[in-house]
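Visitor: Chains as they are written, first to last, in this note's numbering: chain G, 1 to 107; chain Z, 1001 to 1107.
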DNA sequence: CCAATGGTTCAACTAAAGTCGAACTGTGGC
DNA sequence: GCCACAGTTCGACTTTAGTTGAACCATTGG
């Protein structure tokens, strides 16, 4: 158990619609996706609604998004670089990501 | 406990993106939504992957979709008429429903 | 009116997801 | 080299969601 330099990411062809929808069906995870829309972010900078969320919980949110193929999570110095997999999602589910992220924000 | 003639449905303005995404994140529920795309269906006709699913389970699937505002479920004779809330969803989350339902089917 | 049909609801259970402290690890700075 | 930092993983727990039989009810057909 560690901080493996490279975490596993599903291939574009393996992205599953239910998993993607599920990953985005949580307000915190949705918020993360929204923040990444403008471009990659270091994990440390991406702030959640709850600023004092334990890091293990935050890490878990990222795991769900990563395993669904919504984001990429790569080592970057001593931190982590998060990237929205915009192109992969667009290729597999055209229009979906835009429709979700353009939707009225969680009030 | 009964079969109330009218079940509660959320107003268009109250539809929540996370709930909608969650409702559609299950393969069975997604399948139902797809079947309703062509037009309303009587509940009895809409067949699932698993044909011998208990009716209580099927009813529960409908409940989740209804409470999220994805479908309307109205009394119709001794059965139930199911309708996709296309216009409400389009008004609140433009392009979302189409993107989801146009996506490659669950293999 | 009675029985069959089609569906909702309840209650009890099982299964899956979320939460979070603690242990751990790769990297960078000193 | 060593320590602090950023983040992952494990494990134990709480919480939420799914599953199903049984009870119920409204409608229709006889």
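Note that the Cβ used here is the ideal one computed from N, Cα and C, for glycine as well.
Every value quoted in this text rests on a predicted model; they were computed, and no experiment measured them.
If residue 1029 (chain Z) and residue 1007 (chain Z) are in contact, beta carbons under 8 angstroms, what's the gap, nearest whole angstrom?
Guide: About 16 angstroms separates the two Cβ atoms, so there is no contact after all.
Visitor: Give the straight-line distance between the Cα atoms of residue 53 (chain G) and residue 88 (chain G), rounded to the nearest whole angstrom.
Guide: 30 angstroms
Visitor: Going by the DSSP bridge assignment, what does residue 83 (chain G) pair with across the sheet?
Guide: Looking at the DSSP assignment, residue 83 (chain G) forms a beta bridge with G:72.
Visitor: For the region 1061-1077 of chain Z, which residues have a beta carbon sitting closer than 8 angstroms to at least one beta carbon of chain G?
Guide: none
Visitor: What residues of chain Z sit near residue 27 (chain G), judged by a beta carbon separation below 8 angstroms?
Guide: 1018
Visitor: Start and end of the alpha helix (DSSP H) containing residue 17 (chain G)?
Guide: 17-24
Visitor: So, under 8 angstroms CB-CB, residue 1048 (chain Z) and residue 1058 (chain Z) are touching, yes? Tell me the CB distance rounded to an integer number of Å.
Guide: Indeed, because the Cβ distance is near 7 angstroms, the residues count as touching under 8 angstroms.
Visitor: Quick check: the Cα distance between residue 1016 (chain Z) and residue 1077 (chain Z), rounded to an integer number of angstroms?
Guide: 31 angstroms
Visitor: By DSSP's criteria, residue 1041 (chain Z) is part of a beta bridge. Which residues make up the other side?
Guide: Z:1082
Visitor: Quick one: what's residue 6 (chain G) bridged to in DSSP?
Guide: G:74
Visitor: Taking residue 1011 (chain Z) as part of the alpha helix (DSSP H), name the residues at either end of that continuous run.
Guide: Neither: residue 1011 (chain Z) is in no alpha helix (DSSP H) and is coded neither H nor E.
Visitor: To the nearest angstrom, how far is the alpha carbon of residue 1042 (chain Z) from that of residue 1079 (chain Z)?
Guide: 7 angstroms
Visitor: Please report whether the beta-carbon of residue 1096 (chain Z) lies at a distance below 8 angstroms from any beta-carbon of chain G.
Guide: yes
Visitor: I want to verify the contact list: residues of chain G whose CB lies under 9 angstroms from the CB of residue 1099 (chain Z), in sequence order.
Guide: 93, 94, 95, 96, 97, 98, 99, 100
Visitor: On a CA-only basis, which of G:37, G:13, G:11, G:14 is nearest residue 100 (chain G)? Give me that one, please.
Guide: G:37
Visitor: Looking only at C-alpha atoms, which of Z:1044, Z:1097, Z:1050, Z:1039 sits nearest to residue 1070 (chain Z)?
Guide: Z:1097
Visitor: With 16 as the cutoff for other CB atoms within 10 Å, does residue 25 (chain G) come out buried or exposed?
Guide: buried
Visitor: Could you give the DSSP three-state label for residue 62 (chain G): helix, strand or coil?
Guide: helix
Visitor: Alpha carbon to alpha carbon, how far is residue 1063 (chain Z) from residue 75 (chain G)?
Guide: 43 angstroms
Visitor: Which residues of chain G have a Cβ atom closer than 8 angstroms to the Cβ of residue 1033 (chain Z), listed in chain order?
Guide: Within chain G, no residue comes near residue 1033 (chain Z); the closest Cβ sits about 11 angstroms away, beyond 8 angstroms.
Visitor: Put residue 1105 (chain Z) into one of helix, strand or coil per three-state DSSP.
Guide: coil
Visitor: Looking only at its own chain, which residues have a Cβ that is under 7 angstroms from the Cβ of residue 32 (chain G), when we skip the five neighbours before and after it?
Guide: 46, 61, 65
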